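Below is one structure, written out as structure tokens; the observations come after it.
Numbering (our numbering), first residue to last: 13 to 169.
Right under this line is the structure:
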């Protein structure tokens with residue numbers, strides 16, 4: 013059983029976790045757990061930063077990415093839509109930080125919506141492809157979270 017401590021796996025090769033092992037110890041010995049945390053932190057921090065930028069336009073003028081047909085159906089103007097998008101992204105990032113098991117699927121669905129928007133608006137296919145990769149990452153986080161984040165709404169670290 014000593015090898016489980018060193019490798020992060022039990023005698024059958026399964027990931028060993030006795031409930032008393034610290035996050036740091038698990039990070040040292042389990043590559044999948046490392047990937048889970050890398051994706052969890054990324055999909056928590058980045059949506060919050062991009063959401064905040066919807067209010068300040070430091071990175072880009074976000075309104076240019078809104079397809080005209082979406083601008084026509086949302087209340088208000090493109091700027092109002094981007095403020096709403098910013099709030100949703102901030103909430104999504106917080107949700108991933110707290111409960112990635114469920115929130116990663118929400119982020120993947122959100123990214124799917126962004127992809128539809130971009131594909132329907134000529135000139136942004138490269139960004140749609142990038143967002144498809146991000147959606148794949150969010151789905152990967154969701155799958156890893158099914159192993160490393162307890163079910164239910166008890167917050168986990």
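Ideal Cβ placement from N, Cα and C applies to all residues, glycine included. Computed from a predicted model, the values in this text were never measured in an experiment.
Notebook entry, point to check: How close, in whole Å, do the beta carbons of residue 93 and residue 122 come, if the pair is a contact with beta carbons under 8 Å?
Noted result: Their Cβ separation, rounded to whole angstroms, is 14 Å, which puts residue 93 and residue 122 out of contact at 8 Å.
Item checked: Cα-Cα separation, residue 125 to residue 78 -> Roughly 11 Å between the two C-alpha positions.
Notebook entry, point to check: Taking the C-alpha atoms as reference points, what is the distance between residue 113 and residue 82?
Noted result: Cα to Cα, residue 113 sits roughly 30 Å from residue 82.
Notebook entry, point to check: Near residue 158, which residues of its chain fall below 8 Å by C-beta distance, leaving aside the five closest residues on each side in sequence?
Noted result: These residues qualify, in order along the chain: 113.
Next item on the list: Output the distance between the C-alpha atoms of residue 154 and residue 120, rounded to the nearest integer angstrom.
Entry: Residue 154 and residue 120: Cα-Cα distance of roughly 9 Å.
Notebook entry, point to check: What are the uninterrupted segments assigned as alpha helix (DSSP H) that are 4 or more residues long and contained completely in the segment 36–114, given in chain order?
Noted result: If only complete runs of 4 or more residues are kept, the segment 36–114 shows the alpha helix (DSSP H) at 43–68, 80–85 and 90–110, in order along the chain.
Check: What span of residues does the alpha helix (DSSP H) with residue 144 cover, start to end?
Finding: Bounds of the alpha helix (DSSP H) holding residue 144 are 137–160.
Notebook entry, point to check: How close, in whole Å, do the beta carbons of residue 91 and residue 75 come, if the pair is a contact with beta carbons under 8 Å?
Noted result: Right, the Cβ-Cβ distance comes to about 6 Å (below 8 Å), so this counts as a contact.
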